[in-house]
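Going left to right, the sequence shown walks through residues 0 to 397 as numbering that gives the first Met the number 0 numbers them.
Where is the CB? At the ideal position from N, CA and C, for every residue including glycine.
Everything numeric in this text was worked out from a predicted model, so none of it was measured.
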Amino acid sequence: MNGGRLVVAHFSNARAWGGAEEHMARLLAHLPRERIQPLLAAPAALLASGAGRWPAEVEALAVDLQSPLPGRAAVRLARWLRRRRVDVLHAHMFRASACAAWVAALAGVGRIIETPHVREAWREPPAGEGRGWRHWKRSYLWDRLHSRLIDRYIAVSQANAAYLIEQKGLPAAKVAVIPNGCDLNFWRPRPRRACWPEAWGWSQHDPLLVQIGRLEPQKGHGVLLDALPRLWERFPNLHVVLLGEGSLRRDLESRIAGMERRGVVRLAGYSPDPRDWLAAAWITVLPSWYEGLPLAALESLAMSRPVVGSDVDGMPEVVRHGTNGLLTPAGKAGALGEAIAELLSNRELREGMGAAGRAWVEQHFSLEQQVEATAEIYQAAAGAGHQRAAPCTWGARS
Numbered sequence: 000m001n002g003g004r005l006v007v008a009h010f011s012n013a014r015a016w017g018g019a020e021e022h023m024a025r026l027l028a029h030l031p032r033e034r035i036q037p038l039l040a041a042p043a044a045l046l047a048s049g050a051g052r053w054p055a056e057v058e059a060l061a062v063d064l065q066s067p068l069p070g071r072a073a074v075r076l077a078r079w080l081r082r083r084r085v086d087v088l089h090a091h092m093f094r095a096s097a098c099a100a101w102v103a104a105l106a107g108v109g110r111i112i113e114t115p116h117v118r119e120a121w122r123e124p125p126a127g128e129g130r131g132w133r134h135w136k137r138s139y140l141w142d143r144l145h146s147r148l149i150d151r152y153i154a155v156s157q158a159n160a161a162y163l164i165e166q167k168g169l170p171a172a173k174v175a176v177i178p179n180g181c182d183l184n185f186w187r188p189r190p191r192r193a194c195w196p197e198a199w200g201w202s203q204h205d206p207l208l209v210q211i212g213r214l215e216p217q218k219g220h221g222v223l224l225d226a227l228p229r230l231w232e233r234f235p236n237l238h239v240v241l242l243g244e245g246s247l248r249r250d251l252e253s254r255i256a257g258m259e260r261r262g263v264v265r266l267a268g269y270s271p272d273p274r275d276w277l278a279a280a281w282i283t284v285l286p287s288w289y290e291g292l293p294l295a296a297l298e299s300l301a302m303s304r305p306v307v308g309s310d311v312d313g314m315p316e317v318v319r320h321g322t323n324g325l326l327t328p329a330g331k332a333g334a335l336g337e338a339i340a341e342l343l344s345n346r347e348l349r350e351g352m353g354a355a356g357r358a359w360v361e362q363h364f365s366l367e368q369q370v371e372a373t374a375e376i377y378q379a380a381a382g383a384g385h386q387r388a389a390p391c392t393w394g395a396r397s
């Protein structure tokens with residue numbers, strides 16, 4: 000405790016910015032300071048890429064802990080946790096938790112919380128591989144053993160909670176559901192005309208698709224590119240903007256350069272504030288292979304832009320098929336293209352779904368609800384002593 004406040008250290012070992020890191024940054028910025036003093040420990044590369052995403056008052060330790068084995072980074076983290084008298088360590092993603100939980104326990108941190116964020120597709124064998132493929136990756140034995148160090152798991156969606164309980168076999172009493180939230184004052188509808196990228200020479204009357212997400216296999220950029228040739232047959236002035244950075248940039252650049260229509264698909268890089276792009280878009284597209292509960296979908300809907308996404312994991316909890324967007328099977332470019340075409344060809348349908356999306360986010364996904372529920376988890380865990388907290392159902396919906 001620091002002056003009666005809980006000291007909560009957030010930990011990530013990611014080196015690139017994504018949805019989990021944005022989730023973490025929003026907690027750092029908005030947790031109630033009268034009750035909680037937030038800290039941050041993460042690799043220097045992540046601290047640099049996220050600079051300005053959380054208040055300057057939040058102390059940050061640059062530490063690159065990528066292995067659960069003892070080493071200099073583990074010692075550095077342990078000393079910092081002890082010096083700062085941290086009450087709760089909140090690790091983001093299983094790999095971060097696996098590296099840092101034992102360090103925190105040995106450093107005397109009273110409670111350890113993990114937010115896994117997504118289903119771990121890296122455990123699944125590649126197509127054509129037998130069931131014995133890298134058995135250590137496919138087994139959840141380590142997760143169940145590791146769970147003895149974890150006091151609470153925060154699932155970002157009902158689907159994420161089901162994965163933890165039913166597939167990983169983690170104790171249901173340790174799993175709380177707190178959906179990702181959206182700052183509804185920040186993400187508000189705005190006029191499309193004021194946000195149009197004039198410098199690119201595109202007409203403001205042309206349809207625009209926007210995809211926001213790291214340039215990584217998870218996000219399914221290739222599925223959208225596969226759908227474009229048939230869409231261009233019906234909508235020859237259709238433009239596409241891909242926002243994000245990642246390991247697939249060169250592959251995507253090469254593929255876009257080889258497409259018949261050049262200059263109408265743009266890689267616009269990472270944008271810390273994509274509101275103008277969302278305002279300019281007719282539709283946001285999220286053809287992901289897996290998701291926890293996608294922030295890009297929440298933000299698009301909050302700005303009254305309908306979403307066409309994959310029917311995976313937590314996506315249907317945000318995108319209500321036929322109400323505020325359309326869902327298609329992951330990896331099916333034909334179905335994705337048909338859904339996009341349905342919205343492009345019907346302005347009344349698009350605008351109605353956009354308005355419904357704003358109302359849905361207002362009702363179920365406010366940032367205030369997320370932050371308060373998370374603060375309560377910290378306080379319940381810290382006040383529980385050696386008693387386990389009761390199961391939590393925040394965010395549960397019928």
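Using 10 angstroms around the beta-carbon of residue i, count the other beta-carbons present and answer buried if the total reaches 16, otherwise exposed.
{"i": "Asp142", "result": "buried"}
{"i": "Gly268", "result": "exposed"}
{"i": "Asp272", "result": "exposed"}
{"i": "Val306", "result": "buried"}
{"i": "Phe93", "result": "buried"}
{"i": "Val74", "result": "exposed"}
{"i": "Trp53", "result": "buried"}
{"i": "Ala380", "result": "buried"}
{"i": "His238", "result": "buried"}
{"i": "Gly168", "result": "exposed"}
{"i": "Leu140", "result": "exposed"}
Under the three-state reduction of DSSP, which class applies to residue i: helix, strand or coil?
{"i": "Arg14", "result": "coil"}
{"i": "Tyr152", "result": "strand"}
{"i": "His58", "result": "Before going on, a small fix: residue 58 reads as Glu here, not His. The answer is coil: DSSP assigns Glu58 none of H, G, I, E or B."}
{"i": "Ala175", "result": "strand"}
{"i": "Arg83", "result": "coil"}
{"i": "Gly333", "result": "helix"}
{"i": "Pro143", "result": "It is Arg, not Pro, that sits at residue 143 in the sequence shown. Arg143 falls in the helix class under three-state DSSP."}
{"i": "Thr283", "result": "strand"}
{"i": "Ser253", "result": "helix"}
{"i": "Ser22", "result": "First, the residue type needs correcting, since residue 22 is His and not Ser in the sequence shown. In this structure, His22 counts as helix in the three-state DSSP scheme."}
{"i": "Ala296", "result": "helix"}
{"i": "Gly382", "result": "helix"}
{"i": "Ser365", "result": "strand"}
{"i": "Gly324", "result": "strand"}
{"i": "Gln65", "result": "coil"}
{"i": "Gln203", "result": "coil"}
{"i": "Ala106", "result": "coil"}
{"i": "Glu113", "result": "strand"}
{"i": "Leu403", "result": "The requested residue 403 is not part of the displayed model; the chain covers only 0 to 397."}
{"i": "Arg346", "result": "helix"}
{"i": "Arg52", "result": "coil"}
{"i": "Arg387", "result": "Any reading at Arg387 must be qualified, since the residue scores a pLDDT of 35, below 50, and its modelled position is unreliable; the value itself is stated next. Three-state DSSP puts Arg387 in coil, outside helix and strand."}
{"i": "Leu76", "result": "helix"}
{"i": "Val307", "result": "strand"}
{"i": "Pro42", "result": "coil"}
{"i": "Arg94", "result": "helix"}
{"i": "Leu437", "result": "Here the chain comprises residues numbered 0 to 397, so residue 437 is not present and cannot be evaluated."}
Quick check: residue i and residue j, are their CB atoms within less than 8 Å of each other?
{"i": "Ala61", "j": "Leu38", "result": "no"}
{"i": "Ala404", "j": "His145", "result": "The structure shown does not extend to residue 404, since the chain spans only 0 to 397, so no value can be given for it."}
{"i": "Asp312", "j": "Asn159", "result": "yes"}
{"i": "Gly212", "j": "Ala295", "result": "yes"}
{"i": "Ser11", "j": "Met0", "result": "no"}
{"i": "Ser66", "j": "Ala15", "result": "no"}
{"i": "Gly356", "j": "Leu285", "result": "no"}
{"i": "His91", "j": "Val370", "result": "no"}
{"i": "Leu325", "j": "Glu341", "result": "yes"}
{"i": "Leu208", "j": "Ala280", "result": "yes"}
{"i": "Leu242", "j": "Gln217", "result": "no"}
{"i": "Pro42", "j": "Asp63", "result": "yes"}
{"i": "Trp79", "j": "Ala40", "result": "yes"}
{"i": "Cys234", "j": "Pro196", "result": "The sequence given here places Phe at residue 234; Cys does not occur at that position. It is not a contact, given that the beta carbons lie outside the stated cut-off."}
{"i": "Gly245", "j": "Leu224", "result": "no"}
{"i": "Val34", "j": "Ala334", "result": "Note that residue 34 is Arg in the sequence shown, not Val. Taking 8 Å as the Cβ cut-off, Arg34 and Ala334 do not qualify as a contacting pair."}
{"i": "Ile111", "j": "Ala103", "result": "yes"}
{"i": "Ile177", "j": "Ala171", "result": "no"}
{"i": "Val222", "j": "Trp276", "result": "no"}
Whole-angstrom Cβ separation of residue i and residue j, contact assumed at under 8 Å?
{"i": "Ala329", "j": "Trp359", "result": "Not confirmed; about 22 Å, so no contact."}
{"i": "Ser303", "j": "Pro190", "result": "Not quite, the Cβ-Cβ distance comes to about 11 Å (not below 8 Å), so this is no contact."}
{"i": "Ile153", "j": "Ile339", "result": "33 Å between Cβ atoms; not a contact."}
{"i": "Val108", "j": "Val87", "result": "7 Å"}
{"i": "Leu151", "j": "Ala175", "result": "This sequence places Arg at residue 151; Leu is not what is there. Confirmed, Cβ separation roughly 6 Å."}
{"i": "His116", "j": "His9", "result": "Incorrect: roughly 13 Å between the Cβ atoms, too far for contact."}
{"i": "Leu266", "j": "Glu252", "result": "6 Å"}
{"i": "Gln378", "j": "Leu5", "result": "7 Å"}
{"i": "Glu20", "j": "Ala13", "result": "6 Å"}
{"i": "Ser156", "j": "Leu292", "result": "4 Å"}
{"i": "Leu348", "j": "Val317", "result": "Incorrect: roughly 19 Å between the Cβ atoms, too far for contact."}
{"i": "Met314", "j": "Glu290", "result": "5 Å"}
**Study point:** beta strand (DSSP E) runs contained entirely in the stretch 212 to 276, provided each spans 3 or more residues
**Key:** Considered as a whole, the stretch 212 to 276 harbours 238 to 242, 264 to 268 as its complete beta strand (DSSP E) runs of no fewer than 3 residues, in chain order.
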